[in-house]
Each structure stands twice: as C-alpha cells, then as structure tokens.
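Below, the structure is given as structure tokens:
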C-alpha cells in the first residue's frame, strides 16, 4: 500500500479531500478535527498518541514494551507462535477514547494490535496502555489473538476506516493487495467520487452541477407551531437515504458486495436483526451494534429524523451540547422540566439522554448511547431481565421500585415495546410466542426491523400460519421484512420452498436475493424448465460472487460450505470448511459442520476428532456436546451419549430439543426415572412443547405398564 498517493483516483473518479478545501474551507477544517479524519493515518510524531518512550505493559503473564528507533515506532509483543517479537507500527487507528495500531505482515496483511493507547485524560483513568480484553489471557492459540483473522484489518476494519477501498484478496495464495483512494474517512467516503463536481466547479459549467453519488438531502426544515410540543418536518418524513449513507459503517451488518457510492444499502449489506446476543428482547443494544439497528426502531426515524439533524456531518459533533440539542425540536417548556423528568433541574437524571439514550460500555472504556430513543420500562426488567435506564443510575434500588415510581408519575402508560414479551418467549423456544410474533410481523405501525425480527423468529415454529405470514411478508416494501419472510420458510421441503420463493429470485434488493439463494441451495436448477432454470442459475452465481468477495473471512467460507453441502457437493463443501479452518483455526461453526459432513459419509472417527477439537476450544459449547452425543448414540455407546447430551442440555436449557434427546438416551439406557425427571424439568421451562409432552406421556404409560407386569 502507498500511504501517500490517492490510489485509483484516475479511473474511479476520486480526487482526494485536498481538492475540496478551496471551495469548502469551513467544512474541510471541521473534518480535519473529526474522528473520521483520525480513522487511520501513517504512524508519525504527529499522529501517534501512545507512550513509545520505552514504556512497558504487563498482561497475561508477559511484559510488552513500546519504544522507538529513530522515526520508527516499535512494540515487542507475542507473535502468532507465542514468542516475543519486535514489530513496527505502520498506521494509527482512531484516536479517542482508544488509539489502536496496525502492523504489517507478509502478503499485504495488516493486523490490529489488541493493546491500545487509552487517550482519555489521566484524571479519567487514561494516558495508559490498555488491553482490549482486560480480564482475559488471550494467548496465541486463542481465536481472539491479535494475529488472527478477527483482528485482520483488510477484511474486518478497512472498509470503514478508509475511502474508496478495494480489498483485493487472492484466495489461491491467501494474500491481499488492498488499496484506497484516501487513507482515512474523507469527503468522498460519504459524498462519493468528486471528479465530475470538481471539473464543473473549475470551469466546465455549460451543464448543471453533476453533483455526487450520495447527494445531500433535499430541502426541508423542522417547524413547531406555538401550541406544538414537538416539531414536525415541513416535507414528507423520509430519512431513509440520508441515514443509509451513514449506516454502511455505523451498523452491525455483513458486506454482500464491493462498496459502490450511491448504491442502496440493501444492495451492499445485510443488516443484523434484533438477534439474541446482539439486542435485548425489547430492542435495546447489548453487543456492539453500531447505532443503525437501534435507530431504525425509534419514533425519531419514522418521523423523518436523520443523523445530520443531530450531528454535524463534517465534525461529527452534536449540533448542541446537553438538553439544548433536544429542545431544538422538543419544547423546553414541556420536556426540560422537573414535571417531565422528575429529577432536580440540571442534576443527575435531568438530561434527556440519561433516560432516553442510556449508554453501554464497549472495549472496556468506550460508552456508546442507545439510539432507539425509548422510554424507560422497568417492568420489562421484572418480566424479562432487560436493563432499564432508571436502575442504570439507581443501582441500589430494585426494578420494582423504579416501576412503581413510573406508575405514579405516568399513570395509565402502556408499554412502548409490546414485542419484548414475544421475542423473549421465542428466544426460549416457547410455542406460545407464535400468535404475538405473527401479530407484530403484520403490524404496520411497528418498525420494519421489529416486524422482520418477529417474522424471522416465527420460523422456529413451522406451520401453515407461518407460511401465510411469510407470504404476506414477501410483499412488504422494506427489504428487511422480505428477507425475514425468506428465512421463516427454512423448515419447508425444497419443492414447497421453491414454489413460495420463486417470485423473489429477482427481488430488487440484493440482500433479499442473497437469502433466497441460500434457501434454494437444495433445489437443482437442472430439474427446472427454462426460463426458471436460468433465473436460479443466475441467482446462484450472484450468491457465489458475494461469497468470493468475502473469501478472506471464515464465516464466508462456512456459508460456502453450507451452500455446497445443501447442493449435494460434499467434496467441495469439505474444501470450503477446511478453508474456513485455515483462515481461523478452531472456528467452531466450521468444525461442527465439517464433523457433520464426515458423519454423513460414515467417517465417525474423524467426526469425533473434530467435535473434540471444538470442545477443547469451547468446553461449554452446547451444539458440540449435542453432536458428539448423537455420534455416540449411532456408535451404540449410550453411557457416553448420556454424558454428552446432559452437558448439551445443561449448557443450553432454552433448547427443548436437547432436553428431549437427553431424556430419550436416558430412557434407552435403562434410566427411566431420570428420563422422566428430565422431561418434567424441561416442561416447566417449555410447557407448550408437544415433543416433550408426548415423550413424558409415553414413558409414563410404559412405566406403569411395566409396573403392572
């Protein structure tokens, strides 16, 4: 990589931020002071913030040293073999609250060191070296070691820290020739290539200004009549496109195509829904999900608010500090009053964000606010264990205490998250959740991401009502809902699935087509007449291009393996799973599916070895214990099977299938009393599970018959 050149500017239309400065001086200066400018820069005296004066940092039983050799910044740390080695810092990565550092490796590969510089003031605990996993020892065999694929810059970080990036991964020799138009997040990262606009501004004005691929939003203002408490937009409230410009990076999403300025978000990315582990059941952020998924849930988004309404797009700073940011649209006489927030004015709890945008801390020291802009609901904490803003401050009080105060202050208020109970029940595999899920999926007043999540979760409980809901979802205007409809049909037989999904083979959104391709992997194009055969072949080709673009990621190779396995191409699937394990040794999904592939081929010994490798990597991984238990059953080793299945059921009590199979193994091994106990315990957690109920009834009758005999 050439850090000084505007790579590919000539043939791609990029001209670099310096071309903008002459006409847009104030915007250029604001950008120079932004996080975007600091996203990635060459390591120099001006850009490196960390202490490289010979400072040492102890972590994981090792002493890491940061020092200089002339103009070079160096670190002595553990390498991929677990040995201490000296590396040169190539680039800085970010600057506040943490600055990370990139290190070059052969083959064009760059890795992000997991020891970062805490750039907060010393009074706030900063100005120190800090490990991103402060309470863990991450050795060289760990998937999260800094030399592994999860800290690879080329595939994990680069697209959102530079402008006009081309990843250029070569599968054959596993190398990269990654290039960019500009090293950091510059003007054209958001606006798109600027050559046509620059040429027009320089004098070729015989034609109208050609503008940019990502044009700024059109005219429209927020106005509030004297009697209104909240402003409304003077034009039609549609913030989709302005928000999508930011969402490409500020979202938990998967890339499905090379970046293309001006393209629709859903043609480039697949957004993660409100999945367990990422979000709480009410939609609050849990894992690091980068704003978009929470903002789509908000009433603000549906009213037409975009990122730039609150944030200056060039500096990145909010347009005002504290409550004045909110009272630009929400009347201070109504909302910035003790009668509304019930806290001392200017005291803790009086800031709008305290209640409506609670923060979650990531990377140990980086608090980020939830952009769902929701009201606190302590009752959800009582019912489902979901955090609430009240107890986030009042940690010495109970959720019941907080809920009782809200009832007093706002009598008659209804929940703003009716989906929380349904999603919590679905995550626990409770069939009773289905009616509510289907109702939410069909609710035009619910946000698209909530509707999509409910529809996808309904697929846990296959049946005609789910098929009907999916049919309706396939007609939705939002691609999130259409994609969810596709996923909800996974349990159907291939021919039935194809009949339903055939109309979506040429869906206008690539994200939807990507899901359709995977769901139709087990449908052979050769069995179809033309033109249906050609349409399915084209769909498959597009999906394989998506996987090829992400061929440096283990999850992409895993998905390729799944696609090939479902297509009946076992040998090719094996190669894909092996490639995933080459990229990330110990990658659990690939280990499990490769083991299942060998199991299907009668290679139980090889499969058992892979499952044991998985359990060495993650001793409490329930799916690995379950798969190993089933393998032992097939081998006739019931005692070993019972032990493995017991571990699976204990480690994932929310999965009724694990409990059921554990009980069956117990019963078959002669432990009928224990089997009945397992079934009864599982039915307390899953009272409407038919499989558990039928097994309990059958075994109870059989035991009574045995007793009479």
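Numbering (this note's numbering), first residue to last: 766 to 1474.
Glycine residues also receive a C-beta, built at the ideal position from the N, C-alpha and C atoms.
Rounded to a whole number of angstroms, what is the C-alpha to C-alpha distance between residue i and residue j?
i            : j            : result
residue 767  : residue 836  : Confidence in residue 767 is poor, its pLDDT being 42 and thus under 50, which makes the residue's placement too unreliable to answer from.
residue 1215 : residue 1148 : 19 Å
residue 1112 : residue 1134 : 19 Å
residue 920  : residue 1286 : 26 Å
residue 1460 : residue 1439 : 13 Å
residue 1448 : residue 1321 : 37 Å
residue 1205 : residue 1198 : 11 Å
residue 948  : residue 1365 : 48 Å
residue 1089 : residue 1065 : 17 Å
residue 1468 : residue 1405 : 24 Å
residue 1063 : residue 1085 : 20 Å
residue 1168 : residue 1162 : 11 Å
residue 856  : residue 805  : 7 Å
residue 1475 : residue 1377 : Because the chain here runs from 766 to 1474, residue 1475 falls outside it and cannot be looked at.
residue 1145 : residue 833  : 53 Å
residue 779  : residue 1078 : 20 Å
residue 799  : residue 924  : 18 Å
residue 1127 : residue 1437 : 47 Å
residue 1317 : residue 1157 : 40 Å
residue 791  : residue 1016 : 28 Å
From which residue to which residue does the beta strand (DSSP E) around residue i run?
i            : result
residue 863  : 863-870
residue 1036 : 1034-1036
residue 1147 : It is not in any beta strand (DSSP E) - residue 1147 instead sits in the alpha helix (DSSP H) that spans 1143-1149.
residue 1020 : 1018-1020
residue 1132 : 1131-1134
residue 852  : 849-858
residue 838  : 837-843
residue 1100 : Element bounds for residue 1100: not the beta strand (DSSP E) but the alpha helix (DSSP H), 1097-1100.
residue 817  : Per DSSP, residue 817 belongs to no beta strand (DSSP E) and is neither H nor E.
residue 876  : 874-877
residue 1125 : 1124-1127
Tell me the DSSP secondary structure of residue i in three-state form.
i            : result
residue 829  : strand
residue 1363 : helix
residue 1410 : helix
residue 779  : coil
residue 1174 : helix
residue 1465 : helix
residue 1240 : coil
residue 737  : In the structure displayed, the chain extends from 766 to 1474; residue 737 sits before or after that span and is not available.
residue 997  : strand
residue 1416 : helix
residue 1045 : coil
residue 1332 : coil
So, for residue i: in the same chain, excluding its five sequence neighbours on each side, which residues have a beta-carbon less than 6 Å away from its beta-carbon?
i            : result
residue 786  : 793
residue 1243 : 1213
residue 1259 : 1287, 1288
Alpha helix (DSSP H) containing residue i: first to last residue?
i            : result
residue 1382 : 1369-1382
residue 1119 : 1117-1121
residue 1265 : 1259-1266
residue 1343 : 1335-1348
residue 1214 : 1213-1223
residue 881  : Element bounds for residue 881: not the alpha helix (DSSP H) but the beta strand (DSSP E), 880-883.
residue 790  : 790-797
residue 1451 : Element bounds for residue 1451: n/a, residue is neither H nor E.
Quick one: what's got a C-beta closer than 8 Å to residue i's C-beta in the same chain, skipping five residues either side?
i            : result
residue 1154 : 1119, 1120, 1121, 1123, 1141
residue 850  : 841, 842, 843, 844
residue 1409 : 1390, 1391, 1393, 1394, 1397
residue 1246 : 1206, 1213, 1216, 1217, 1220, 1238
residue 1346 : 1319, 1352, 1355, 1356, 1359
residue 1474 : Interpretation of residue 1474 is limited by its pLDDT of 48, a score under 50 that renders its predicted location unreliable; no figure is taken from the coordinates.
Give me, in chain order, the residues of the same chain whose beta-carbon lies closer than 7 Å to that of residue i; leave out the 5 immediate sequence neighbours on both sides.
i            : result
residue 1195 : 1451, 1453
residue 814  : 860, 864, 882, 884
residue 1050 : 1044, 1059, 1125, 1135
residue 769  : Confidence in residue 769 is poor, its pLDDT being 39 and thus under 50, which makes the residue's placement too unreliable to answer from.
residue 939  : 872
residue 1256 : 1224, 1227
residue 1252 : 1221, 1224, 1280
residue 911  : 876, 877, 878, 879
Could you tell me whether the Cβ of residue i comes closer than 8 Å to any Cβ of chain B?
i           : result
residue 890 : Although the question refers to chain B, the structure presented lacks it and comprises just one protein chain.
The region 899-914 contacting the region 1133-1141, beta-carbon criterion three pairs below 8 Å: no
Given 8 Å, three or more beta-carbon pairs between the region 1005-1025 and the region 1070-1081: yes
The region 1174-1191 / the region 1027-1035 touching (three or more Cβ pairs under 8 Å): no
Cβ contact check for the region 811-829 and the region 889-906: 3 or more pairs under 8 Å: yes
Cβ pair count under 8 Å reaching 3, the region 959-970 against the region 922-935: no
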